[in-house]
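There are 2 protein chains.
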Amino acid sequence: MPTPPDGPPNYLPTVAVGRLSLYLRELQRLAEAGVTSANSQALARLIDVSPAIVRKDLAAIAAVGRRGVGYDIAALIDRIGAMLGTQTHWNVILVGVGSLGTALLRYRGFQRQGFRIVGAFDLDPRLVGTSIGGTLIHPIADIGRIAKTLQPHLAVLAVPVEAAASVAADLVAAGISGILNFAPTSLKLPRSVGVVNVDLASEMQRLAFAVSRLPTTTALLPESVPEFVPTPESAPTTAAKAGRKKTAPPA
Amino acid sequence: MPTPPDGPPNYLPTVAVGRLSLYLRELQRLAEAGVTSANSQALARLIDVSPAIVRKDLAAIAAVGRRGVGYDIAALIDRIGAMLGTQTHWNVILVGVGSLGTALLRYRGFQRQGFRIVGAFDLDPRLVGTSIGGTLIHPIADIGRIAKTLQPHLAVLAVPVEAAASVAADLVAAGISGILNFAPTSLKLPRSVGVVNVDLASEMQRLAFAVSRLPTTTALLPESVPEFVPTPESAPTTAAKAGRKKTAPPA
DNA sequence: TAATGTGAAACCGTTCACAGCT
DNA sequence: AGCTGTGAACGGTTTCACATTA
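Chains as they are written, first to last, in the working numbering: chain A, 917 to 1167; chain B, 917 to 1167.
Here is the structure:
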């Protein structure tokens, strides 16, 4: 065979990590329903991507299927779980027991995916000492000390924006490795600390934008809509024609 | 000047929409602090991207800066707001007043970005008729009828997974154009309906993965870590060396 | 002079198409 | 016969570098 010039091979694309998590979620559901095998097309439909992507993603994590058949679901769950560290015991603390923090403490999805909420922290002395969703709330001032006992790896940051930077610094000082940040601000942290931001208002804006660019149907749209929205069709240069894309590419 | 052959020009890349939302958030903060102008480098630092990206993004929405100076913040806020439909009145309903739904009703960030929560829906008769965060809760069975009055464009879906598919169908029937989906499942809906998924467990898994792939420092990591994790360095092909990237490219 | 605005190159991720297995 | 596994083409996004301009 001809040697590939120097070409980098199948790494795991960073976006693929998000998809693996979705495959896992759906595979767990299938397994509970007693299904034992699925092919790339079925998986693709479940998370709304192309079958080729499914095969590439699974190849990238060295999951193997059987040609002519598909993938063994139990094996896939193991493999993806191994990649995402599902059997790893991540200890998680939550900081900021406001209404969002409370909801997150009550949310069972984290535990279901193997994360252990080992403690919560808040300023409010009326909350300290109480439990929500089985998690004890500690005074935020004691994070450093209590972290020595709880050994948290990750933190959920659900404090008000104004407090976010300072609390994040405390978390880093307490030795946390990663922060799931719900405060609408970009934390400035050492590169050794992982951050994933979840900005709810921003997600809503993405939705609004997507909707306003959608093929107009009978559905409700608000009165005014942004004027200048550049698209392939409204190109301000030569050749403004350019073959229109097929409207419905994926199966 | 030489005519560009036929080259497709600056569209707005889809990922740029998410960034615009973040620029807007930070610009609003700067404006409140009395800052009137900012250059691409400053903006880049604020949302943690490269200055070149900032200039490309802003060029793509026809925002103009002054060479040698930077961008006028008030003008930028207007321009980005116009693109994202900030002055458009999006009516939003929320379905599923559990702990997450409650938190979302109390969350002020949606209103701050111009979204109007016009109503909430739940099955529980004890909730119906009460208000949370100033939003009245209606019986879920009446969505169709009440939607005629409320004229909602978007919906926040915060019901349990089992109910998600059926409620989503009701929302579509009621004429909704987009759904912000917090249920951990991929909704199968007509292409005319926009969907943005927010899967909290999945975000946490992304964080865990990112952390486990981080340059190991003194910070806490859980005992076991996935074995086979392909990266550029662990490439199974020729030329496994390949010039290492400079470790800190952005300013 | 210090920044924008922008072609062109580099990079990354997806799609295509088909050879290879079972 | 059917589906996986994968090179190669493609397309979208980012980076680079620099001409341009207030």
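Where a beta carbon is used, it is the ideal one built from N, C-alpha and C, also for glycine.
Compare the C-beta of residue i with all C-beta atoms of chain B and state if any pair is closer than 7 Å.
i	result
P1076(A)	no
R941(A)	yes
D964(A)	yes
T1004(A)	yes
V1112(A)	yes
E1119(A)	yes
A1099(A)	no
R1032(A)	no
L1066(A)	no
R982(A)	no
H1054(A)	no
S1047(A)	no
P1138(A)	yes
G1001(A)	yes
S937(A)	yes
S1015(A)	yes
G950(A)	no
P1146(A)	Confidence in P1146(A) is poor, its pLDDT being 49 and thus under 50, which makes the residue's placement unreliable; the coordinate value appears in the next sentence. With 7 Å as the cut-off, P1146(A) counts as an interface residue toward chain B.
L1043(A)	no
G986(A)	no
A960(A)	no
Please report how far the alpha carbon of residue i lies from the alpha carbon of residue j, in whole angstroms.
i	j	result
E1119(A)	A949(A)	32 Å
T952(B)	I993(B)	11 Å
D1040(B)	I1053(B)	10 Å
V1141(B)	Q1003(A)	With a pLDDT of 47 at V1141(B), under the threshold of 50, the predicted position of this residue should be treated as unreliable, though the coordinate-derived value follows. Their Cα atoms are separated by approximately 9 Å.
A1080(B)	R982(B)	49 Å
V1044(A)	N955(A)	50 Å
A1057(A)	A1084(A)	13 Å
P1106(B)	S1108(A)	43 Å
Q1027(B)	G984(A)	53 Å
A1089(A)	S1015(A)	26 Å
P1138(A)	H1005(B)	6 Å
P1131(A)	P929(B)	18 Å
I989(B)	S1082(A)	26 Å
G1094(B)	Q944(A)	28 Å
P1055(B)	R1042(B)	10 Å
Y927(A)	A1036(B)	44 Å
G892(B)	A998(B)	There is no way to answer for residue 892(B), as the model of chain B reaches only from 917 to 1167.
E1078(A)	L946(A)	43 Å
Between residue i and residue j, how many whole angstroms is the CB-CB distance? I'm expecting something under 8 Å.
i	j	result
T1018(B)	I1062(B)	Their Cβ separation, rounded to whole angstroms, is 19 Å, which puts T1018(B) and I1062(B) out of contact at 8 Å.
P1100(B)	R941(A)	6 Å
V1172(B)	L1010(B)	Residue 1172(B) lies beyond the range of chain B shown here (917 to 1167); nothing can be said about it.
L1021(A)	T1051(A)	5 Å
Q1121(B)	Q1121(A)	About 24 Å separates the two Cβ atoms, so there is no contact after all.
Excluding the five sequence neighbours on either side, which residues of its own chain have a C-beta within less than 8 Å of the C-beta of residue i, listed in chain order?
i	result
A979(B)	Y987, A991, L992, R995, I996
I969(B)	R935, A960
A1074(A)	L1010, V1011, G1012, V1013, G1014, L1016, G1017, L1020, F1098, A1099
Considering only their Cβ atoms, is the gap separating residue j from residue i smaller than 7 Å?
i	j	result
F1125(B)	V1114(B)	no
A960(B)	S966(B)	yes
L938(A)	I963(A)	yes
D1038(A)	I1059(A)	no
V1034(B)	L1066(B)	yes
G1012(A)	A1117(B)	no
L1103(A)	L1123(B)	no
Can you give me the Cβ contacts of residue i inside the same chain, cut-off strictly under 7 Å, excluding the 5 residues immediately before and after it?
i	result
D973(B)	A932, R935, L936
G1091(B)	A1063
If we cut at 7 Å on Cβ distances, does residue i have a partner in chain A?
i	result
F1037(B)	no
Q1029(B)	yes
A1079(B)	no
V931(B)	no
R1122(B)	yes
R1022(B)	yes
G1025(B)	yes
A975(B)	no
S1082(B)	no
S1128(B)	yes
W1096(B)	Checking the sequence shown, residue 1096(B) turns out to be Leu, not Trp. So yes, L1096(B) belongs to the interface.
A979(B)	no
A990(B)	no
A1085(B)	no
Only counting the same chain, and skipping five residues up and downstream in sequence, which positions put a Cβ closer than 6 Å to that of residue i?
i	result
N1007(A)	R1032, V1034, Q1067, P1068, H1069
R971(A)	S956
Using only the heavy atoms of the ligand GDP, determine whether one of them is closer than 6 Å to the beta carbon of residue i.
i	result
D1038(A)	Absence of the ligand GDP from the depicted structure is noted, as is the absence of any ligand whatsoever, leaving it without description.
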